[in-house]
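J.: Protein chains in written order, with my numbering: chain F, -4 to 302; chain D, -4 to 302. Just so it is clear, CB atoms sit at the ideal spot from N, CA and C, and this is done for glycine as well. Sharing a structure here in C-alpha cells format.
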C-alpha cells in the first residue's frame, strides 16, 4: 500500500479540495427524530444513533472530500457501545473511499504507546480500529512518539502530533519560551525532522502536525518551518477562523494542509442559512451544501484553489 | 459520596500501604493456558482472557492494596471487544472495594474534554466507564484540563495530570527551561493551585500529579512544591526504581502518594524468586507474594511505614 502522505496527497488532488469533515456526534445536536426521546445518554440507543448519523454524513461527503476525522471522545463517552459504533463508522468511511484520521490525542510510553499504535493505525485487516492516521500528544517526549511513527511506517499510516492547538488556553504551555523559542517550535522542529525522514513522492512525510487556524501568524510560521509536514488545521468555522485565516497553511501549489470543520458541516441543519433552506428533515442536504460552501471558500481565498 | 482525595486517603490508611497495582495485560505475558494458542491478537478470545486475568488479579490484591490502575491502551488495542473487557474489569474492581485510576492520558479541548470526563469519571450509575480517577495530559493547556476538574468535582472523582513522567524521553519537553523554570514546574504549579482549591479533609485535593520514581530528585522537589497534591508515582520495579527512590514522594506521615507497580506484580510468576516458588500454574500466589513484598519494602524504607 502507498504511504500515507502520498495517499493523502492523491485524495486531496482527486477531490480538488483539502476539507477534513469532523465527525463529532453530540446527542443534543442530532437531527430531530434520530434519537428517540426516551434514550438515556449512556445507552446503546445513543450509540446506534451516532453510528447511523455518522454513516449518513459519510454517504453525503464521500464523493466531495478526501477525509473524515471521527472524534474518539464522543464515542468513548458512551462506553463500550459507543466504541463499537466508532469501529463501524471507521469501517464505513474506508469502504466509501475516505481517509480516516482518528482524533484520539493518545500518548503513552514505550510498549504502551506501541499498543495504541498497533490498535489504531493501519488497514482493518492489520489493526483493530483500522484508521489511516491518529492524532497524538507530545508531552511525554520522543520515546512516546517513536512507537507511533514505527507502526505508521509499517502499515502505511500517518500520525498528527499536536504542535500549536486552536484553543485559547493552548498557549499556557505551548507559547512558553524555552531556550529562545516557544515550546511549540521545539515540537515543530522535532516533527519536521521526522516528516523529512519519511517523505514520500509528494514531498511530505507520514508525521504531520496539528496547527490551529485560530493563530494565523503561527500557522504561517509553521508552514515555512515545516516544509515536509502535513498540517491538520482545526478551528475553521465554529471556532471562528475563516478561509483567509487558513490560507497560510498551504504550500504554493495548494497542498500540504487539510482543514477541519466539524459542527459547521455535520450540524449545518441548525445554522443559517441552511436551517431555512433545508429544515431539519432534510439535514443531509444541509451537510452537502455546507461542505460545498467550505470547498468554494477555500478555493476562492486560499492556494487550495490551485489543486 | 466523599470526595476522591479523602476516599483515597482513607483507602491508603485502611490497607496501611500506598500500592497501586497496574493492570497492563499483554497477550504474550499471560500465565500459560489462559490464552488458547489459536487466539488471534485482535480477537475476542484475547479480550476474554484479559478480563479473566485482570479480574483474578483483582481478587488477589483487593484485600491488600487501596487501588488499581488499568491501562486503557492494552484494552483498546483489541478494539471494541477489548473495551467491553475494560468496562467489566473496572466494575469488578469497584465491586471488590478497590479505587480505580484509569490510565488513559486523555486530553482535548472544551466540550470534547468534557465528553471524556463525563464518560470516564464518576460512579458507574453516572458515567459510562465508572472510574474513580483518570490520568490526563496537559499539553493543550488549562482550558483542556478544567472540564476534567469540573466533572471530577461533581462526581467525587479525581484527575492525575502528567507532570514529570518516568520515561527516559520525558525530559525532551518537560525539562526545557522556560522563564527560569523547567516546563514540568509550570505544570506542577498549576496543578498544585487546583489541588489546593479542592483540598479535602485530608489536606489533598482532587487534582493529582504523575511524577516518576525514576527521577528521585525531582520527586522530592515536587513533593515540597505541591503540598496539596496527591502524587501518582510510576517507575517502581520493572522500570528500575526502588523503595528508596520513591521515599521522597510521601509526606511526613507517609501519605500523599501512591506507587504504581504493573508488570512486577501481575506477571510475578515469570520473575525470580517467584517463578521458582510458585511456578506458572500458581500465578495468583506469585501475584500475592509480589504484592506483599512491595508493601513490606515500602513500609521498611519509606515514610509509608507510618501509615
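For chain D, check one thing: does any of its Cβ atoms lie closer than 8 Å to the Cβ of residue 165 of chain F?
T.: Yes, its Cβ sits closer than 8 Å to a Cβ of chain D.
J.: Output yes if chain D places a C-beta closer than 8 Å to the C-beta of residue 104 of chain F; else output no.
T.: Taking Cβ atoms only, chain D reaches closer than 8 Å to residue 104 of chain F, which makes this a yes.
J.: Out of curiosity, what's the CA-to-CA distance linking residue 119 of chain D and residue 27 of chain F?
T.: So the alpha carbons of these two residues sit roughly 29 Å apart.
J.: Measuring alpha carbon to alpha carbon, tell me which residue in F:68, F:160, F:39, F:93 is nearest residue 9 of chain F.
T.: When each option's Cα is compared against that of residue 9 of chain F, the closest is F:93.
J.: Can you name, in chain order, every residue of its own chain whose Cβ lies under 7 Å from the Cβ of residue 41 of chain F, other than the five neighbours on each side?
T.: Hits under 7 Å: 22, 30, 34, 73.
J.: Select from the stretch 126 to 139 of chain F all residues with a C-beta closer than 7 Å to any C-beta belonging to chain D, and list them in chain order.
T.: Correct list: 132, 133, 134, 135, 136, 137, 138, 139.
J.: Closest to residue 233 of chain F by CA distance: which of F:253, F:209, F:222, F:220 is it?
T.: Nearest option by C-alpha distance: F:209.
J.: Short of 7 Å in beta carbon distance, which residues of its chain neighbour residue 70 of chain F, apart from the five on each side in sequence? Order them along the chain.
T.: 45, 77, 78, 80, 81.
J.: For residue 211 of chain D, does the three-state DSSP call read helix, strand or coil?
T.: The answer is helix: DSSP assigns residue 211 of chain D an H, G or I state.
J.: List the whole-angstrom C-beta distance separating residue 163 of chain F from residue 171 of chain F, where the pair is believed to meet the contact cut-off of C-beta under 8 Å.
T.: So it is not a contact: roughly 15 Å between Cβ atoms.
J.: At what residues does the alpha helix (DSSP H) containing residue 130 of chain D begin and finish?
T.: Premise fails: residue 130 of chain D lies in the beta strand (DSSP E), 128 to 131, not in any alpha helix (DSSP H).
J.: Note down, in chain order, each residue of its chain lying with its Cβ closer than 6 Å to the Cβ of residue 175 of chain D, except the 5 sequence neighbours on either side.
T.: Within the same chain, residue 175 of chain D has no close Cβ partners at all.
J.: Closer than 8 Å, Cβ to any Cβ of chain F: which residues of the stretch 148 to 177 of chain D, in chain order?
T.: Under the 8 Å Cβ criterion, the stretch 148 to 177 of chain D contributes 157, 160, 161, 162, 163, 164, 165, 166, 167, 168, 169, 171, 172, 173, 174.
J.: Give me the Cα-Cα distance between residue 287 of chain F and residue 59 of chain F, rounded to the nearest whole angstrom.
T.: For residue 287 of chain F and residue 59 of chain F, the distance between alpha carbons rounds to 8 Å.
J.: How about residue 107 of chain F: is its C-beta nearer than 8 Å to some C-beta of chain D?
T.: So, interface residue.
J.: Taking residue 245 of chain F as the reference, give the member of F:298, F:110, F:167, F:190 with the closest Cα.
T.: Ranking the options by Cα distance to residue 245 of chain F, first place goes to F:298.
J.: Give me the chain D residues within the contact set of residue 75 of chain F, using Cβ-Cβ distance strictly less than 7 Å, ordered along the chain.
T.: In chain order: 75, 78, 79, 82.
J.: Among the candidates F:108, F:296, F:130, F:99, whose CA atom is the shortest distance from the CA of residue 225 of chain F?
T.: Selected option, being the one with the closest Cα: F:130.
J.: Which of helix, strand or coil does DSSP assign to residue 49 of chain F?
T.: If DSSP states are grouped into helix, strand and coil, residue 49 of chain F belongs with the helices.
J.: Look up residue 60 of chain D in the DSSP assignment and say whether it is helix, strand or coil.
T.: Three-state result, residue 60 of chain D: coil.
J.: Contact check, residue 263 of chain D vs residue 242 of chain D under 8 Å by CB: the rounded distance?
T.: With a Cβ gap of about 23 Å, residue 263 of chain D and residue 242 of chain D do not count as contacting.
J.: Whole alpha helix (DSSP H) runs in the stretch 101 to 172 of chain F with 4 or more residues, listed along the chain?
T.: With a minimum length of 4 residues, the continuous alpha helix (DSSP H) runs that stay inside the stretch 101 to 172 of chain F are 105 to 115, 137 to 149, 166 to 169.
J.: Given 8 Å as the limit, is there contact between the stretch 133 to 153 of chain F and the stretch 124 to 144 of chain D, that is, 3 or more CB pairs closer than that?
T.: Contact between the stretch 133 to 153 of chain F and the stretch 124 to 144 of chain D is present, because at least three Cβ pairs lie under 8 Å.
J.: Enumerate, from N- to C-terminal direction, the unbroken alpha helix (DSSP H) stretches of 4 or more residues contained entirely within the stretch 188 to 252 of chain F.
T.: Within the stretch 188 to 252 of chain F, the complete alpha helix (DSSP H) runs of at least 4 residues are 211 to 220, 238 to 241.
J.: Residue 211 of chain F to residue 295 of chain F, Cα distance in whole Å?
T.: Each residue's Cα considered, the two are about 18 Å apart.
J.: Residue 275 of chain F by DSSP, collapsed to three states: which one?
T.: Helix.
J.: Starting from the Cα of residue 2 of chain F, find the closest Cα among F:229, F:199, F:223, F:258 and give me that residue.
T.: For residue 2 of chain F, the nearest C-alpha among the options comes from F:199.
J.: Provide the residue span of the beta strand (DSSP E) that contains residue 17 of chain D, from first to last.
T.: It spans 14 to 18 - the beta strand (DSSP E) in which residue 17 of chain D sits, taken as one unbroken run.
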